[in-house]
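Student:
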Ligand SMILES: [Zn+2]
């Protein structure tokens with residue numbers, strides 16, 4: 003139900019990187035869930051630890067190009083990580099990065115990436131077996147077949163879904179990506195693959211859509227490769243966010259019902275997110291709660307197994323959108339009667355629908 007792998011969270015500060023990440027997000031969300039009067043005595047029913055075999059190179063190659071994977075496993079990995087985490091500026095100077103403050107060498111940042119891949123895969127298995135799982139990690143949706151960027155080295159969603167297909171556990175899947183940034187890597191990987199339908203709701207402007215759509219050589223900038231369903235949301239359009247998501251989910255109904263839905267439940271559209279590139283989109287806690295419940299109910303009504311990944315979320319308040327949703331989902335999954343004041347208020351808010 004909730005998959006918590008303590009080592010899968012990465013503290014970028016340990017590597018001398020100063021991105022406003024939130025490595026304690028999972029711990030703070032767990033604390034909130036454990037203090038809930040319904041969930042507290044039933045922790046063994048909803049909390050799981052790591053139990054699957056590690057991700058192999060062969061798993062990566064179902065979603066990524068051989069040349070890129072080989073470089074990641076060789077001496078060039080540090081150069082790749084510097085590009086992915088944008089640690090060098092156009093003049094060749096370090097930005098956001100001070101090796102003298104690093105407690106660990108940069109190349110070790112690759113290990114948590116691999117653990118993250120296994121966590122996403124396990125969350126999918128749990129969802130297939132039990133109907134619902136939320137993983138405290140995953141969502142590296144900017145990793146393309148042949149390169150990573152935007153803090154994403156390997157596309158865990160694509161690696162997991164292709165592995166599940168190879169193992170004949172699923173045939174079709176949907177990816178519902180509501181992180182603030184467009185799921186450009188995911189769209190690229192599945193561009194010619196009708197077995198995985200991609201939906202991305204994201205900021206209409208800004209990274210990764212801030213470059214030219216067509217490159218000087220006439221090819222498309224890979225960040226602009228379309229998802230099956232793209233829903234751009236501009237600044238000041240926040241009140242339209244949930245209705246547009248609803249319309250996009252209804253479009254999914256025109257595709258065959260999948261064996262699994264993977265949801266990238268980014269918290270970076272939150273108005274208190276601290277990553278500068280997310281400033282154009284500012285959803286309130288109420289709007290995020292409506293977003294999350296809409297997705298859960300849509301999938302639950304169709305009896306589609308749902309696996310959730312935490313995706314983006316930066317700064318000291320990045321944990322705040324999650325507890326309300328997880329209580330909402332876990333109460334339903336556990337068949338528990340919602341009796342807390344908070345849950346009563348959720349029901350009161352839902353009454354007008
Ligand atoms: Zn993001």
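Residue numbers (this note's numbering): 3 to 355.
Where is the CB? At the ideal position from N, CA and C, for every residue including glycine.
1. Mind checking whether the beta-carbon of residue 182 lies closer than 6 Å to any heavy atom of ligand 1?
2. Distance check for residue 222 and residue 176, CA to CA, integer angstroms please.
3. Taking 6 Å as the cut-off, does the CB of residue 268 come closer than this to any heavy atom belonging to ligand 2?
4. Using the Cβ count rule (16 or more neighbours within 10 Å means buried), how would you classify residue 165?
5. Return the first residue and the last residue of the beta strand (DSSP E) that residue 234 is part of.
6. Let me check you understand the geometry: is the CB of residue 208 closer than 6 Å to at least one non-hydrogen atom of ligand 1?
7. Does the Cβ-Cβ distance between residue 325 and residue 31 come in under 7 Å?
8. May I ask you to verify whether the region 113 to 123 touches the region 48 to 62, counting CB pairs closer than 8 Å and requiring at least 3?
9. The alpha helix (DSSP H) with residue 26 in it runs from where to where?
10. Between residue 6 and residue 28, which are expected to be in contact by the criterion C-beta below 8 Å, what is the C-beta distance as a whole number of angstroms?
11. Using only the alpha-carbon positions, how far apart do residue 135 and residue 290 sit?
12. Can you tell me whether residue 69 is buried or exposed? The criterion is at least 16 other CB atoms within 10 Å of its CB, across all chains shown.
13. Is residue 227 near residue 190, with beta carbons less than 7 Å apart?
14. Could you give the DSSP three-state label for residue 316: helix, strand or coil?
15. Figure out for me which residue from 332, 169 and 38 has the closest Cα to the Cα of residue 294.
16. Taking 6 Å as the cut-off, is the C-beta of residue 140 nearer than that to any heavy atom in ligand 1?
17. Does the beta carbon of residue 213 fall short of 6 Å from some heavy atom of ligand 1?
18. Rounded to whole angstroms, what is the Cα-Cα separation between residue 310 and residue 209?
19. Which residue's Cα is closest to the Cα of residue 232: 240, 249, 218 and 239?
20. Quick one: does the C-beta of residue 314 sit closer than 6 Å to a heavy atom of ligand 1?
21. By Cβ distance, which residues of its chain are closer than 8 Å to residue 148, with the 5 residues on each side in sequence left out?
22. According to DSSP, is residue 149 helix, strand or coil?
23. Going by the CB atoms, is the gap between residue 178 and residue 265 shorter than 7 Å?
24. Nearest to residue 174 by CA position, among 236, 219, 192 and 183, is which residue?
25. If you pair each beta-carbon of the region 258 to 272 with each one of the region 302 to 319, do three or more pairs fall below 8 Å?
Tutor: Answer, in terms of the structure:
1. Position 180 of the chain shown, counting from 1, holds the residue named residue 182. Yes, the beta carbon of residue 182 sits closer than 6 Å to at least one heavy atom of ligand 1.
2. The residue labelled residue 176 in the question sits at position 174 within the chain shown. The residue labelled residue 222 in the question sits at position 220 within the chain shown. Between residue 176 and residue 222, the C-alpha separation is close to 24 Å.
3. You won't find ligand 2 in this model; what it holds is ligand 1.
4. Counting from 1 along the chain shown, the entry for residue 165 is found at position 163. The residue is buried, with at least 16 neighbouring Cβ atoms inside 10 Å.
5. Translated into the one-based positions of the chain shown, residue 234 becomes position 232. 231 to 235 is the extent of the beta strand (DSSP E) around residue 234.
6. Position 206 of the chain shown, counted from the start, is the residue given in the question as residue 208. Within 6 Å of the C-beta of residue 208 there is not a single heavy atom belonging to ligand 1.
7. In the chain shown, the residue the question calls residue 325 occupies position 323. In the chain shown, the residue the question calls residue 31 occupies position 29. Yes, they are a contact pair.
8. At 8 Å Cβ cutoff, the stretches touch.
9. In the chain shown, counting from the first residue as 1, residue 26 sits at position 24. Careful: residue 26 lies outside any alpha helix (DSSP H) and carries neither H nor E.
10. The residue you call residue 6 lines up with position 4 of the chain shown. The residue you call residue 28 lines up with position 26 of the chain shown. Taking C-beta atoms under 8 Å as the contact rule, residue 6 and residue 28 qualify, at a distance of about 6 Å.
11. Taking the first residue of the chain shown as 1, we reach residue 135 at position 133. Taking the first residue of the chain shown as 1, we reach residue 290 at position 288. The straight-line gap from Cα to Cα measures roughly 19 Å.
12. Along the chain shown, read from residue 1 onward, the residue named residue 69 stands at position 67. The C-beta of residue 69 has fewer than 16 other C-beta atoms within 10 Å across all chains shown, which makes the residue exposed.
13. Within the chain shown, the letter at position 225 stands for residue 227. Within the chain shown, the letter at position 188 stands for residue 190. In this structure, residue 190 lies closer than 7 Å to residue 227 by Cβ.
14. Numbered from its first residue, the chain shown carries residue 316 at position 314. Three-state result, residue 316: coil.
15. Reading the chain shown from its first residue, position 292 is the one you call residue 294. Ranking the options by Cα distance to residue 294, first place goes to 332.
16. As a first step, residue 140 must be located in the chain shown, where it is residue number 138. Residue 140 Cβ: outside cutoff for every heavy atom of ligand 1.
17. Along the chain shown, read from residue 1 onward, the residue named residue 213 stands at position 211. Residue 213: no, Cβ never under 6 Å from ligand 1.
18. In the chain shown, the residue the question calls residue 310 occupies position 308. In the chain shown, the residue the question calls residue 209 occupies position 207. If you draw a straight line from the Cα of residue 310 to the Cα of residue 209, it is about 23 Å long.
19. Reading the chain shown from its first residue, position 230 is the one you call residue 232. Considering only alpha carbons, the answer is 249.
20. Locating residue 314 in the chain shown gives position 312, where the first residue counts as 1. Under cutoff, so the answer is yes.
21. One-based indexing of the chain shown puts residue 148 at position 146. Listed in chain order, the non-local C-beta contacts of residue 148 below 8 Å within the same chain comprise 66, 67, 69 and 70, local neighbours out to five positions each way being set aside.
22. The residue labelled residue 149 in the question sits at position 147 within the chain shown. Three-state DSSP puts residue 149 in coil, outside helix and strand.
23. Looking up residue 265 in the chain shown gives position 263. Looking up residue 178 in the chain shown gives position 176. In this structure, residue 178 lies closer than 7 Å to residue 265 by Cβ.
24. As a working note, residue 174 is residue 172 in the chain shown. Here the closest residue by C-alpha is 192.
25. The region 258 to 272 is in contact with the region 302 to 319.
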